[in-house]
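Working notes, beginning with the structure itself.
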Amino acid sequence: MMNHFNLSKTFYPLMLLLFFLLSNILLSISEIKNTWILDDYRSMILFENFGFGKHGHISIWVTNVSWMSRVENVKFNPSSMGFFIADVPSFRRIWNESLHDKTYCVLSRKHAEIILRFDHIGPDSTYRGSTDIDEPNEYNLMYNIKEGEKDFLSVGKAPLPKLYFLLFLIYAAFVIAWVIACKNQRPRVEKIHLIMGALLVCKCLKMICASEDAIYVQKTGTPHGWDVAFYAFGFFKGIMLFTVIILIGTGWSILKPYLQEREKQVLKVVIPLQVLENIVYVIINETGPATRDWLTWNQLFLLIDIACCCVVFFPIIWSIRSLKEASKRDGKAAKNLEKLTLFKQFYIVVIVYLYFTRIVVSAIGAFLNYRFMWLVPVLEEGASLVFYGFIFYNFQPTETNPYLVIDDEEEENAAAQMEENDDDDPFEL
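Residue numbers (the UniProt record's numbering): 1 to 429.
Structure follows, in structure tokens:
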């Protein structure tokens, strides 16, 4: 009896979990930051990295300030505590010196520009202050003045609203083209094609939310709820993308109408990992570097992402091996060789896409000048667009191609070619 895998039973409780967490996390991803620090032992806390233009400006508001020593009868000097900004080279120097000199006090050094010392805080434990940025650079600590108006986006992120809107238009056209293709080939539309369409819709909606988020942050400093929509559609897009890769890799509804037990187990592993990855992503973006365990959250996010990327390769390798074995049994070597070639190409493209977007893009971003940080999403989204184009073109619902009508001579040649590849095959698992 055929045992079909019900995706809805897996998705539903995970969606409820994500929405619960989103509704209970304080949203402050915008460039107007609200940060709470309680019982923190760190001697230096990084709040934010921000790229300033020529007329940058920082406003700071401190409330409910108090401090005490963990050691009895030890009093603090308020003038030795406070807030400062420093460009990236200076901050690296400050950080390095603080690690090697326990008596180091950054507020007494020339590398940093002091915004506030705690001895300036009023009797009501509050303080409001601001400072201008005269030298354009990336500073560690906040808005720019552009043509007399406040611009809350970092200089390196200024092109993002237009970039994301352009991507929205591209994916909207992509969705329309996919709907037309499915409509024209309705008898050949399988369930996988519907899931692929849902992936496109989620990606399209994520892009328009990213654009609106960036626009509102740029003008007002807060996303006005667009970040929630961005997280929600990003959550569905992430799950749908890995699900599509796995289902195509297994040949579900293309080579076979059902999933084997081991393939179901892969989905049951990847989907919860994607949910956890999206939750960690929200935490990273909402808390910022001022959070004590922020670096740990980043490492956890990277670990989960690598795990997902590794797991998705197994179904593709299994399908490649199954096609090779099937060609020996049913005598349809040429037809199976055509499918085998496509799945090997799919395997290579998935590897290149995941490697480029996870490693190459991050490496490039580490060396970019702060003014050109918008190139990171350009590279990442450009690679995604090419990857989507490959998948949707090669696995679209179409009539049987004429070149798949195989004659006896082609059949014999294909069988010989597959036998040659049997001895040295990197896809055995």
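Idealized CB from N, CA, C, for every residue including glycine.
#1: What residue from T63, I192, T296 has the CA that sits closest to P257's CA?
#2: Spell out a yes or no on whether the segment 340–347 and the segment 355–368 are touching, meaning 3 or more CB-CB pairs, one atom from each, closer than 8 Å.
#3: Using only CA atoms, which one of L46, L116, V65 lies nearest to D87?
#4: Between G389 and the rest of its own chain, which residues show a CB-CB distance below 7 Å, the 5 nearest in sequence each way excluded?
#5: Determine the closest residue to N64 out of L107, H100, I121, with distance taken between C-alpha atoms.
#6: Determine the extent of the beta strand (DSSP E) in which E113 is found, giving its start and end residues.
#7: Kindly indicate which residue of K110, E113, L340, E212 has the alpha-carbon position closest to the one of L160.
#8: Is the segment 311–327 close to the segment 242–250, with three or more CB pairs under 8 Å?
#9: Tell me which residue opens and which closes the alpha helix (DSSP H) that H193 is part of.
#10: Classify G225 as buried or exposed, calling it buried when 16 or more other Cβ atoms lie within 10 Å of its own Cβ.
#11: Answer yes or no: do V270 and F242 have a C-beta to C-beta separation smaller than 7 Å?
#12: Using the three-state DSSP reduction, which class does I25 fall into: helix, strand or coil?
#13: Look up F367 in the DSSP assignment and give the residues it is bridged to.
#14: Could you tell me the alpha carbon to alpha carbon distance between V350 and S79, rounded to whole angstroms?
#15: Closer than 6 Å by C-beta to A229: which residues in its own chain qualify, once you throw out the five before and the five after it? Chain order, please.
#16: Hey, F174 and L194: beta-carbon distance below 7 Å or not?
#17: For my contact list, N278 and G238 are in at a C-beta cut-off of 8 Å; report their separation, rounded to the angstrom.
#18: Can you round the beta-carbon distance between R93 and P397 to whole angstroms, since I take them to be within the 8 Å contact cut?
#19: Counting only the same chain and skipping the five closest in sequence on each side, list residues whose C-beta sits under 6 Å from that of I364.
#20: Distance, Cα to Cα, I348 vs F91?
#21: Leaving aside the five residues before and after residue 436 along the sequence, list all residues of the same chain whose C-beta is less than 7 Å from its C-beta, in chain order.
#22: Could you spell out the range, first to last residue, of the alpha helix (DSSP H) harbouring E263?
#23: So is E263 buried or exposed if we call it buried at 16+ other beta carbons inside 10 Å?
#24: Using beta-carbon positions only, say whether L116 and G156 come within less than 7 Å of one another.
#25: Where does the unbroken alpha helix (DSSP H) through D293 begin, and where does it stop?
#26: Alpha carbon to alpha carbon, how far is D119 from C308? Give it in angstroms, no decimals.
#27: Buried or exposed for I320, please, with buried defined as at least 16 other CB atoms from any protein chain shown within 10 angstroms of its CB.
#28: Tell me, which residues are paired with G82 by DSSP?
#29: Kindly indicate which three-state DSSP category F395 falls into: helix, strand or coil?
#30: Comparing C-alpha positions only, which one of V282, S154, Y355 sits nearest to K219?
#31: Would you mind working out which of D101, V352, P377 sits nearest F387, comparing C-alpha positions?
This is what the structure gives:
#1: Position 257 of the sequence shown, counted from the start, is the residue given in the question as residue 257. The shortest C-alpha separation from P257 is found at I192.
#2: no
#3: Stepping through the sequence shown from its first residue, residue 87 is reached at position 87. Checked all of L46, L116, V65; the closest Cα to D87 is L46.
#4: Translated into positions along the sequence shown, residue 389 becomes position 389. Cβ within range, chain order: n/a, list empty.
#5: In the sequence shown, the residue the question calls residue 64 occupies position 64. If we check each option's Cα against that of N64, I121 comes out closest.
#6: Residue numbering aside, residue 113 sits at position 113 when the sequence shown is read from its first letter. Looking at the DSSP string, the run of the beta strand (DSSP E) that includes E113 is 113–117.
#7: On the sequence shown, position 160 is the one that residue 160 refers to. Cα-wise, what sits closest to L160 is E212.
#8: yes
#9: Residue numbering aside, residue 193 sits at position 193 when the sequence shown is read from its first letter. Run containing H193: 191–220, per the alpha helix (DSSP H) assignment.
#10: Translated into positions along the sequence shown, residue 225 becomes position 225. With fewer than 16 other Cβ atoms within 10 Å, it is exposed.
#11: Start at 1 with the first residue of the sequence shown, and residue 270 comes out as number 270. Start at 1 with the first residue of the sequence shown, and residue 242 comes out as number 242. In contact: V270 and F242 (Cβ atoms closer than 7 Å).
#12: Numbered from 1 along the sequence shown, position 25 holds the residue referred to as residue 25. Any reading at I25 must be qualified, since the residue scores a pLDDT of 38, below 50, and its modelled position is unreliable; no value is offered.
#13: Start at 1 with the first residue of the sequence shown, and residue 367 comes out as number 367. Answer is none; F367 lacks a bridge partner.
#14: As a first step, residue 350 must be located in the sequence shown, where it is residue number 350. As a first step, residue 79 must be located in the sequence shown, where it is residue number 79. Distance between the alpha carbons of V350 and S79 is about 55 Å.
#15: Residue numbering aside, residue 229 sits at position 229 when the sequence shown is read from its first letter. If we look at A229 and ignore the five residues flanking it on each side, its Cβ neighbours are C209.
#16: Reading the sequence shown from its first residue, position 174 is the one you call residue 174. Reading the sequence shown from its first residue, position 194 is the one you call residue 194. No, Cβ-Cβ distance for F174 and L194 is not below 7 Å.
#17: On the sequence shown, position 278 is the one that residue 278 refers to. On the sequence shown, position 238 is the one that residue 238 refers to. About 6 Å separates the two Cβ atoms, so the contact holds.
#18: Along the sequence shown, read from residue 1 onward, the residue named residue 93 stands at position 93. Along the sequence shown, read from residue 1 onward, the residue named residue 397 stands at position 397. 60 Å between Cβ atoms; not a contact.
#19: Stepping through the sequence shown from its first residue, residue 364 is reached at position 364. Cβ neighbours of I364 beyond the five flanking positions: none.
#20: Taking the first residue of the sequence shown as position 1, residue 348 is located at position 348. Taking the first residue of the sequence shown as position 1, residue 91 is located at position 91. Going from the Cα of I348 to the Cα of F91 covers about 41 Å.
#21: The structure shown has nothing for residue 436, since the chain only spans 1 to 429.
#22: Within the sequence shown, residue 263 is the residue found at index 263, counting from 1. It spans 261–287 - the alpha helix (DSSP H) in which E263 sits, taken as one unbroken run.
#23: Here residue 263 refers to the residue found at position 263 when the sequence shown is read from its first residue. That one is buried.
#24: Translated into the one-based positions of the sequence shown, residue 116 becomes position 116. Translated into the one-based positions of the sequence shown, residue 156 becomes position 156. No; because the gap between Cβ atoms is not below 7 Å, this pair is not in contact.
#25: For the purposes of this step, residue 293 is taken as the residue at position 293 of the sequence shown. Per DSSP, D293 belongs to no alpha helix (DSSP H) and is neither H nor E.
#26: Counting from one through the sequence shown, the residue named residue 308 turns up at place 308. Counting from one through the sequence shown, the residue named residue 119 turns up at place 119. Taking the straight line joining both Cα atoms gives about 50 Å.
#27: Walking along the sequence shown from the start, residue 320 turns up at place 320. I320 comes out buried.
#28: Taking the first residue of the sequence shown as position 1, residue 82 is located at position 82. Answer by DSSP bridge pairing, in chain order: R117.
#29: Residue numbering aside, residue 395 sits at position 395 when the sequence shown is read from its first letter. Three-state result, F395: coil.
#30: Stepping through the sequence shown from its first residue, residue 219 is reached at position 219. Of the listed residues, the one whose Cα sits closest to K219 is S154.
#31: Position 387 of the sequence shown, counted from the first residue, corresponds to residue 387. The residue with the shortest Cα to Cα distance from F387 is V352.
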